[in-house]
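Laid out in structure tokens, this is it:
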């Protein structure tokens with residue numbers, strides 16, 4: 001079942017909006033989606049329309065509307081469990097954040113998008129487009145390796161649901177990779193990538209797949225050819241591969257408009273009109289996000305070099321290089337800030353765990369305290385398990401405090417805690433309940449075994465060398481046991497209360513027998 005199969009209202013309108021956007025007619029799609037949003041009561045239809053509308057606004061370059069569109073789409077998607085929706089929304093939100101210059105938000109959305117789309121176990125046509133838009137976002141951020149991986153995933157999913165390979169050719173991804181190489185001084189590498197892009201176009205044209213190429217892809221192929229020509233490569237200028245003809249595609253896409261303007265600069269350089277190219281650059285208004293802020297200065301350098309102004313070309317080249325380096329610095333800052341945030345989070349988590357540990361641990365003996373004991377017993381009883389609870393009370397402890405002081409009393413409590421812990425069985429639980437009371441919990445144990453545990457604890461405490469620690473005041477222990485069967489208990493609180501009452505009574509009887517003897 002695909003995503004749209006879950007939508008019960010205005011499905012035809014939503015499909016039509018998709019087709020319009022694929023044909024680079026985003027303004028028409030936006031108007032159609034606005035009508036759906038106004039008239040639908042179906043949360044799935046509304047969520048889909050808002051996500052699609054965000055995509056249309058990005059294609060149209062209506063930057064001022066991005067923030068509100070992301071907020072509206074996020075609110076609509078938040079309570080829906082469809083992975084595709086969350087993945088596609090975050091991919092588009094990454095693109096929006098990038099165009100707004102918010103690289104930290106962009107990276108956050110990229111990570112969320114990749115996780116959500118990877119969790120989609122029933123990929124369909126829409127999932128393929130989600131991967132496509134994620135690839136675009138990676139590409140604009142110069143994460144070229146991730147972009148190629150995501151577009152390959154889009155292609156795989158697309159082919160499995162009948163989308164032709166050419167639809168996800170995505171030449172813009174490799175085009176941005178190529179110009180990035182040129183901005184950093186590797187013109188040969190740039191030309192190699194651009195020639196590969198031209199080879200793909202030629203293959204599609206020979207195979208009759210040109211009709212499956214999206215208008216925005218055709219514009220990217222046109223710019224790739226024009227850019228090659230500006231760098232001195234010989235480029236075919238006739239038929240379907242003519243750069244001028246290809247640059248005319250792209251519909252109302254803002255990025256296609258930028259490519260057309262920059263492409264005319266490249267073609268002027270290639271035609272031996274470098275001054276015209278410089279003049280065009282002087283009046284150019286294109287987004288830095290389309291091919292990077294360094295692209296216009298780099299083209300100026302190429303044009304000035306063709307015009308013989310080598311000093312001016314050098315200055316323009318240095319400017320382009322600085323802009324490219326600044327972009328890398330910003331990405332590095334985002335990465336470093338992200339690592340710093342992760343370290344801060346880990347330290348906060350460890351600190352919280354430490355405080356929680358302190359809240360559940362008796363500071364004097366290091367044993368679990370009453371709160372942790374109650375939490376442990378609550379879990380045991382709620383699972384219906386049978387346990388025996390033993391309440392241990394120290395004999396002679398009051399005399400220790402009276403004769404030797406509270407410091408010696410603390411030492412006695414610490415030593416008793418160590419003795420009891422030492423003789424318990426694997427899996428038993430020991431806690432200091434308060435004062436001179438210790439509690440032992442014996443899981444899956446009957447009374448005969450509990451009596452044996454009590455004997456070992458009593459013997460170990462009696463044979464401890466108390467004379468050297470608190471002379472003249474021997475220390476012993478009295479233990480009372482009670483069974484708890486969680487399967488027959490009404491509530492955890494009642495089970496614990498009954499167990500402690502029984503154990504306390506048993507302990508008092510044991511003390512009475514001790515005094516009588």
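In UniProt numbering, the protein residues as written are 1 to 517.
Even glycine gets a Cβ: it sits at the ideal position worked out from N, Cα and C.
Given the structure is predicted, the values throughout are model-derived calculations rather than measurements.
Which residue marks the beginning of the beta strand (DSSP E) containing residue i, and which one marks its end?
i, result
"residue 429", "429 to 434"
"residue 437", "437 to 443"
What did DSSP end up calling residue i once you bin it into helix, strand or coil?
i, result
"residue 482", "strand"
"residue 394", "strand"
"residue 163", "coil"
"residue 122", "coil"
"residue 489", "Summary for residue 489: the model assigns pLDDT 49, below 50, so the residue's position carries little reliability; its value from the coordinates is reported in the next sentence. Of the three classes helix, strand and coil, the one that applies to residue 489 here is coil, per DSSP."
"residue 222", "helix"
"residue 368", "strand"
"residue 473", "coil"
"residue 322", "helix"
"residue 388", "strand"
"residue 7", "coil"
"residue 67", "helix"
"residue 402", "helix"
"residue 127", "helix"
"residue 81", "coil"
"residue 290", "helix"
Assuming contact is defined by CB atoms lying nearer than 8 Å, are residue i and residue j in contact in what I supplied?
i, j, result
"residue 120", "residue 127", "yes"
"residue 390", "residue 500", "no"
"residue 417", "residue 370", "no"
"residue 394", "residue 470", "no"
"residue 519", "residue 423", "Because the chain here runs from 1 to 517, residue 519 falls outside it and cannot be looked at."
"residue 420", "residue 438", "yes"
"residue 99", "residue 66", "yes"
"residue 151", "residue 170", "yes"
"residue 241", "residue 205", "yes"
"residue 14", "residue 48", "yes"
"residue 363", "residue 323", "no"
"residue 467", "residue 415", "no"
Should residue i go down as buried or exposed, given a rule of 16 or more other Cβ atoms within 10 Å for buried?
i, result
"residue 161", "exposed"
"residue 71", "exposed"
"residue 538", "Outside the shown range of the chain (1 to 517) lies residue 538, about which nothing can therefore be said."
"residue 292", "buried"
"residue 365", "buried"
"residue 447", "exposed"
"residue 473", "buried"
"residue 283", "exposed"
"residue 46", "buried"
"residue 490", "Low confidence applies to residue 490: its pLDDT is 49, below 50, so where it sits in the model is not reliable, and the reading given next is rough at best. Answer is exposed; the Cβ neighbour count stays below 16."
"residue 300", "buried"
"residue 243", "buried"
"residue 19", "exposed"
"residue 78", "exposed"
"residue 451", "exposed"
"residue 485", "exposed"
"residue 407", "exposed"
"residue 479", "buried"
"residue 445", "buried"
Could you pull the start and end residues of the alpha helix (DSSP H) that residue i belongs to?
i, result
"residue 34", "26 to 39"
"residue 282", "274 to 282"
"residue 413", "406 to 423"
"residue 241", "That residue, residue 241, is in no alpha helix (DSSP H); it is neither H nor E in DSSP."
"residue 212", "Per DSSP, residue 212 belongs to no alpha helix (DSSP H) and is neither H nor E."
"residue 264", "254 to 270"
"residue 168", "It is not in any alpha helix (DSSP H) - residue 168 carries neither H nor E in the DSSP assignment."
"residue 102", "Element bounds for residue 102: n/a, residue is neither H nor E."
"residue 43", "43 to 60"
Would you check if there are 3 or more beta carbon pairs closer than 8 Å linking the stretch 248 to 268 to the stretch 184 to 202? Proximity of the stretch 248 to 268 to the stretch 184 to 202 falls short of the contact definition, fewer than three beta-carbon pairs being nearer than 8 Å.
Are at least three pairs of beta-carbons, each pair with one atom in the stretch 209 to 226 and one in the stretch 281 to 288, less than 8 Å apart? They do not touch, by the three-pair rule.
Sufficient close CB pairs (3 or more, under 8 Å) joining the stretch 94 to 112 to the stretch 307 to 326: By the criterion of at least three beta-carbon pairs nearer than 8 Å, the stretch 94 to 112 is not in contact with the stretch 307 to 326.
Three Cβ pairs or more, each shorter than 8 Å: is that satisfied between the stretch 221 to 235 and the stretch 253 to 266? A contact exists between the stretch 221 to 235 and the stretch 253 to 266.
Does the stretch 47 to 66 touch the stretch 17 to 26, meaning 3 or more C-beta pairs lie closer than 8 Å? Yes, since at least three Cβ pairs between the stretch 17 to 26 and the stretch 47 to 66 fall closer than 8 Å, the two stretches touch.
I want to know whether the stretch 234 to 243 touches the stretch 188 to 195 - three or more CB-CB distances under 8 Å. The answer is no - the stretch 188 to 195 does not touch the stretch 234 to 243, with fewer than three Cβ pairs under 8 Å.
Check whether the stretch 28 to 39 and the stretch 133 to 148 touch, using three or more Cβ-Cβ pairs below 8 Å as the test. No: fewer than three Cβ pairs fall under 8 Å.
Inspect the CB distances between the stretch 83 to 92 and the stretch 103 to 114 and report whether three or more fall short of 8 Å. Between the stretch 83 to 92 and the stretch 103 to 114 there are three or more inter-stretch CB-CB distances shorter than 8 Å, so the stretches are counted as touching.
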